[in-house]
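Under the numbering used here, the first residue of the sequence shown carries the number 188, and numbering increases by one thereafter. Beta carbons: idealized from backbone N, C-alpha and C, even for Gly. For reference, the structure is listed below as structure tokens.
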Amino acid sequence: MMKYAVSRRPHPDASSRARLATFCDPSSKLAFSSCREGRIAPARVEGDTRTLVQTIRTSPESKTMALDPVTHLIYVPAAMPDLSTNKDELDASTFRVMVYRSR
Numbered sequence: 188m189m190k191y192a193v194s195r196r197p198h199p200d201a202s203s204r205a206r207l208a209t210f211c212d213p214s215s216k217l218a219f220s221s222c223r224e225g226r227i228a229p230a231r232v233e234g235d236t237r238t239l240v241q242t243i244r245t246s247p248e249s250k251t252m253a254l255d256p257v258t259h260l261i262y263v264p265a266a267m268p269d270l271s272t273n274k275d276e277l278d279a280s281t282f283r284v285m286v287y288r289s290r
């Protein structure tokens, strides 16, 4: 069974909040955490110890992810910022889903 958690933590910029998604894959003994800065941090889980395996660069603002426990694929939706507005919005025409394989 795959376990997951989604949490909120304060972002360094007090005017916004970052979301953090974390998934644990028991068969590979890896935990994956994504953040707004455009990174996924896979960590090996051994008892109460977690060891960072690598840092996966994704797209800025890509904090949402999904992990398929059967194929071990990580899905990350992404889009580029909409520069035509002054708002914190993404350009829907640049939407894509990035796929990463857990090894």
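Annotated as proximal: residue 216 and residue 231, with beta-carbon spacing under 8 Å. Partner residues in the beta bridge of residue 219, as assigned by DSSP, are 210, 229. Within the DSSP bridge table, the entry for residue 281 names no partner. Residue 240 and residue 220 have their C-alpha atoms spaced approximately 12 Å apart. Looking at the DSSP output, residue 253 bridges to 262. DSSP places residue 239 within a strand segment (E or B) once states are collapsed to three. Linking residue 249 to residue 209 through their CA atoms gives a straight-line distance of about 13 Å. Within the same chain, 262, 263, 264, 265 come within 8 Å of residue 284 by CB-CB distance, once the 5 residues on both sides are set aside.
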